[in-house]
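Numbering-wise (the working numbering), the sequence shown opens with residue 1 and increments by one.
All residues carry an ideal CB built from backbone N, CA and C; glycine is no exception.
None of these values were measured; they are calculated from a predicted model.
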Amino acid sequence: MADSWDPALTRAKLRKMPNTLVCDALLDQAIFAGVGNIIKNEVLYRTRIHPLSTHGALPLRKLRELVEQARVYAFQFLEWKKAFVLRKHWLVHNRSRCPRHDIPLTRAYLGKTDRRSFYCGLCQKRYTQDSQP
Ligand SMILES: [Zn+2]
């Protein structure tokens, strides 16, 4: 991550793989170096994007937000880790209820990466090619 992170380049890489699920791309170290499973779950919750959305279906505004928040969260993650307060900041990872809605979160192993996902079916919108007008 760090200084070599280029948001425009990251978006360009994502646009070349429009049918890849966001939950898989966020774990792709060639695209989001330093992003792990916890960051994936937290960033998708923050940006209200369903993990089974595809990049090609995300509006540009959402795509920008996703890339920016992944960067922001990766830095916060390291600070919290150093201060031993990581878990305190988790909103959905390893949690059972949505902090926004107080309804049960969905837990599932998703995507090709088959990693554990935590998400809220109510506030995280699923963007797919089919949902485009
Ligand atoms: Zn929710």
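Would you tell me roughly how many angstroms separate the C-alpha atoms of residue i and residue j, rounded to the nearest one?
i: L9; j: I39; result: 20 Å
i: N41; j: K81; result: 16 Å
i: R87; j: L60; result: 31 Å
i: Y45; j: R15; result: 21 Å
i: N94; j: N37; result: 11 Å
i: Q29; j: L21; result: 15 Å
i: F84; j: K62; result: 31 Å
i: L78; j: D102; result: 28 Å
i: R115; j: Y109; result: 5 Å
Leaving aside the five residues before and after residue i along the sequence, list all residues of the same chain whose C-beta is less than 6 Å from its C-beta, in chain order.
i: M1; result: Only weak support is given to the placement of M1: the predicted model assigns it a pLDDT of 48, under 50, and the value that follows is read from those uncertain coordinates. Taken in chain order, the residues that qualify are A33, G34 and A74.
i: V43; result: Q69, A70 and Y73
i: R100; result: C123
i: H89; result: W80
i: G111; result: L21, C23 and D24
Over what stretch of residues does the alpha helix (DSSP H) that includes residue i continue unbroken?
i: T10; result: P7 to R15
i: A25; result: V22 to A25
i: I38; result: N37 to R46
i: K62; result: L60 to K82
Leaving out the 5 sequence neighbours to the left and right, which residues in its chain are closer than 8 Å to residue i when beta-carbon positions are compared?
i: C98; result: V92, P104, L105, C120, L122 and C123
i: A25; result: L14, M17, I31, F32 and H55
My guess is that residue i and residue j are in contact by the Cβ rule of under 8 Å, so how many angstroms apart are they, rounded?
i: S117; j: C23; result: 6 Å
i: L52; j: L58; result: Contact doesn't hold; Cβ gap of about 12 Å is too wide.
i: R11; j: R64; result: 7 Å
i: P7; j: T54; result: About 20 Å; that fails the 8 Å criterion.
i: L27; j: T128; result: No, L27 and T128 are not in contact; Cβ-Cβ is about 19 Å, not under 8 Å.
i: H213; j: R126; result: The chain is shown only over 1 to 133; residue 213 falls outside these bounds and no answer can be derived.
Grab the span of the beta strand (DSSP E) containing residue i for me, first residue to last.
i: L110; result: T106 to L110
i: Y119; result: R115 to Y119
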